[in-house]
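A.B. asks: The listed protein sequences correspond, in order, to chains R and V.
Each number in the working numbering corresponds to the 1-based position in the first sequence with 192 added.
Each number in the working numbering corresponds to the 1-based position in the second sequence with 11 added.
Don't be surprised by glycine CBs; every beta carbon is placed ideally from N, CA and C.
Model, not experiment: these values are computed from the prediction.
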Amino acid sequence: MTYHHQRPPIRVPNLDYLFDRLPTLRAHRFGHDHEGEGEGVTTDVDEDVLAQFREEAEQLHERLAHEHGVFVVEFLGSTGSGKTRLIERLIERAPEDESIGVIVGDVAGDDDASRFRELGVEVANVNTGKECHLDPTFLEEGLDQLDLAALDTLYIENVGNMVCPADFPLGAEARILVVSTTEGDDVVGKHPLLFQACDAAVVNKIDIAEAVNADVEAMTADVNEVNPNMPTFETSAEHGDGLDDLSTYVQEIRDGGHHRDHGHGHSHGHAHDHDDESHHHSHDHGHDHSHDEDHSHDHEHADHDHPPATEDE
Amino acid sequence: MHEMSIADSMIDIAKRTAADNDADRITGLTVAVGEATHVNPDQLRHALEVMADGTLAEGAEITMETIDAEASCECGWSGEPPTVDGAAMIAPTSKCPECGSRTELTRGDECRLESISVPED
Chain R
193 MTYHHQRPPI RVPNLDYLFD RLPTLRAHRF GHDHEGEGEG VTTDVDEDVL AQFREEAEQL
253 HERLAHEHGV FVVEFLGSTG SGKTRLIERL IERAPEDESI GVIVGDVAGD DDASRFRELG
313 VEVANVNTGK ECHLDPTFLE EGLDQLDLAA LDTLYIENVG NMVCPADFPL GAEARILVVS
373 TTEGDDVVGK HPLLFQACDA AVVNKIDIAE AVNADVEAMT ADVNEVNPNM PTFETSAEHG
433 DGLDDLSTYV QEIRDGGHHR DHGHGHSHGH AHDHDDESHH HSHDHGHDHS HDEDHSHDHE
493 HADHDHPPAT EDE
Chain V
12 MHEMSIADSM IDIAKRTAAD NDADRITGLT VAVGEATHVN PDQLRHALEV MADGTLAEGA
72 EITMETIDAE ASCECGWSGE PPTVDGAAMI APTSKCPECG SRTELTRGDE CRLESISVPE
132 D
């Protein structure tokens, strides 16, 4: 293996425009000094590698949603945030005749896949080995193991990781980011880009928030700071709190055909309109803060509202 | 660590571009990384060096540039995305500083192979 540290680029930022205008000079600076090779040309490429991944995701969306009529929801979040449990809960709530598949991404092992198999759904386990996220190629590997024509719904559980998946959409109609109180209530501010790349957020394990000294309200307020109007659900996947709301949200996306339009704003607007009407957890927090000082009545309402039970339904 | 797969794609694109230009060697790669991606420029440089080994881009000089993030809002605001000074760190937000609604990134979420340099013959 050879590294080329012996020729560090000499960067003189103020003179860059000169080099840019003089390709010969530029090539001379960068090229080898072998006889006859001193001259060179710079060829524009201007290709966005991440855009390629986004295009691959669009193709996946086209194939899954439009050719096969499969509704795809992706779950992301740290290892241990509760992605598997949440998907299990959604599967349990599904109508009998809904045909469900799950693609499970894990660096190694079959543990999550086994749990889903016990629920009687189609499961494809994808071990990513040294990669820390699912990319469209890994997803293809999972899709090959499933009968797409027979599926109504596909859940994708990404590898437990809150950094890399941000740049790798998988063509799902909704990307749902799961964080939990055990990750610390500052977890949202640490991962702003992933929140901005997702459609909805779940703050899970609210049942043990007090035990781990996490401020759930601060977490949802942070979500609203980092990504305003992001539908946010406070849940305990273990005990069932908040799951009706989450399930309704997923159902609304399915019914409304709110196709995720990667990187563009149109679908976001629609999703948020629905959110404002029916799931006002994160919305409430914003108001609570401003009303606390002047209106004690509002404050009482907010308190009633707070354990995000199923009163919306 | 997805810098490796990005580097792999970039070397592929570079080789294709070289072939289109009848070049049998690549002496330079200019790469631009958006601020609003999770791509680590230092790791990408290293990954490119490793992936270039044994190809016609072996030893190519790698120049890294940064693409500043820019966002715009439906209310008409546009500019550098504001940051929120949270407990953990200063984080970019997609909250419009003018109206508080959600902004969309217009720049800075890309990772480009800008150009390659090839010997002139």
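Please confirm if R:A358 has its CB atom under 7 Å from at least one CB of chain V.
C.D. replies: Closer than 7 Å: yes.
A.B. asks: List, in chain order, every chain V residue whose beta-carbon is nearer than 7 Å to that of R:Q244.
C.D. replies: Within 7 Å Cβ-Cβ: S20.
A.B. asks: Mind listing the chain V neighbours of R:L385? Cutoff is C-beta to C-beta under 8 Å, in chain order.
C.D. replies: Within 8 Å Cβ-Cβ: A47, T48, H49 and P103.
A.B. asks: Whose C-alpha, out of R:F330, R:D414 and R:H258, is nearest the C-alpha of R:A541?
C.D. replies: The question about residue 541 of chain R has no answer, for chain R in this structure spans 193 to 505.
A.B. asks: Would you mind telling me which residues of chain R sit closer than 7 Å to V:S126, beta carbon to beta carbon, in chain order?
C.D. replies: In chain order: T234, T235, D236 and V237.
A.B. asks: Could you name the residues of the same chain whose beta carbon sits closer than 6 Å to that of R:N353, not counting the 5 residues immediately before and after it, in chain order?
C.D. replies: For R:N353, where only same-chain residues beyond five positions count, the Cβ hits under 6 Å are C324 and H325.
A.B. asks: Entirely within the segment 343-403 of chain R and at least 4 residues each: give me those alpha helix (DSSP H) ranges in chain order.
C.D. replies: Runs found: 379-382 and 384-389.
A.B. asks: Could you tell me if V:H13 is buried or exposed, where buried requires 16 or more neighbouring beta carbons within 10 angstroms of its beta carbon?
C.D. replies: Result: buried.
A.B. asks: Return helix, strand or coil for R:V296, following the three-state DSSP convention.
C.D. replies: Note: R:V296 maps to strand in three-state DSSP.
A.B. asks: Bridge partners for R:V264 per DSSP, in chain order?
C.D. replies: Answer by DSSP bridge pairing, in chain order: R:L346.
A.B. asks: Just how far apart, CA to CA, sit R:D339 and R:I348?
C.D. replies: Each residue's Cα considered, the two are about 15 Å apart.
A.B. asks: Under 7 Å, Cβ to Cβ, is there at least one residue of chain R near V:E109?
C.D. replies: Taking Cβ atoms only, chain R never reaches closer than 7 Å to V:E109, which makes this a no.
A.B. asks: Quick check: the Cα distance between V:D23 and R:H383, rounded to an integer number of angstroms?
C.D. replies: The alpha-carbon atoms of V:D23 and R:H383 are separated by roughly 31 Å.
A.B. asks: Using the rule of at least 16 other Cβ atoms within 10 Å of the residue's Cβ for burial, across every protein chain shown, is R:S306 buried or exposed?
C.D. replies: R:S306 is exposed by the Cβ-count criterion.
A.B. asks: For chain A, find out if any of its Cβ atoms is closer than 7 Å to the Cβ of R:D298; answer yes or no.
C.D. replies: Looking at the structure shown, chain A is missing, and the protein chains on hand are R and V.
A.B. asks: Under 7 Å between C-beta atoms, does R:Q251 make it to chain V?
C.D. replies: It does not: the Cβ of R:Q251 has no partner Cβ on chain V nearer than 7 Å.
A.B. asks: Kindly indicate which three-state DSSP category R:T235 falls into: helix, strand or coil?
C.D. replies: Note: R:T235 maps to strand in three-state DSSP.
A.B. asks: Between which two residues does the alpha helix (DSSP H) holding V:V129 run?
C.D. replies: Here V:V129 belongs to no alpha helix (DSSP H); instead the beta strand (DSSP E) covers C122 to P130.
A.B. asks: List the endpoints of the continuous alpha helix (DSSP H) containing R:R277.
C.D. replies: Per DSSP, R:R277 belongs to the alpha helix (DSSP H) from K275 to R285.
A.B. asks: In chain V, which residues lie less than 9 Å from R:E375 when you measure between Cβ atoms?
C.D. replies: By Cβ distance, chain V contributes nothing, its closest Cβ being about 11 Å from R:E375, past 9 Å.
A.B. asks: What residues in its chain sit with their C-beta under 7 Å from that of V:C122, if we drop five residues either side in the sequence?
C.D. replies: Excluding positions up to five away in sequence, the list reads I17, V44, G45, T48 and V50.
A.B. asks: Is there at least one Cβ from chain R nearer than 7 Å to V:E14's Cβ?
C.D. replies: With 7 Å as the cut-off, V:E14 does not count as an interface residue toward chain R.
A.B. asks: Would you grab the beta carbon distance between R:V394 and R:L362 for me? Rounded to a whole angstrom, and I think it's under 8 Å.
C.D. replies: Going by Cβ atoms, the distance from R:V394 to R:L362 rounds to 18 Å, so no, they are not a contact pair.
A.B. asks: Spatial neighbours of V:R56 within its chain, please: CB distance less than 7 Å, with the 5 preceding and 5 following residues excluded, ordered by chain position.
C.D. replies: Cβ within range, chain order: I73 and M75.
A.B. asks: Taking 8 Å as the threshold, find out whether the segment 384-393 of chain R comes into contact with the segment 244-258 of chain R through three or more Cβ pairs.
C.D. replies: Taking 8 Å as the limit for Cβ pairs, the verdict is that the segment 244-258 of chain R does not touch the segment 384-393 of chain R.
A.B. asks: Pull up the DSSP beta-bridge partners for V:I78, would you.
C.D. replies: DSSP lists V:G45 as partners of V:I78.
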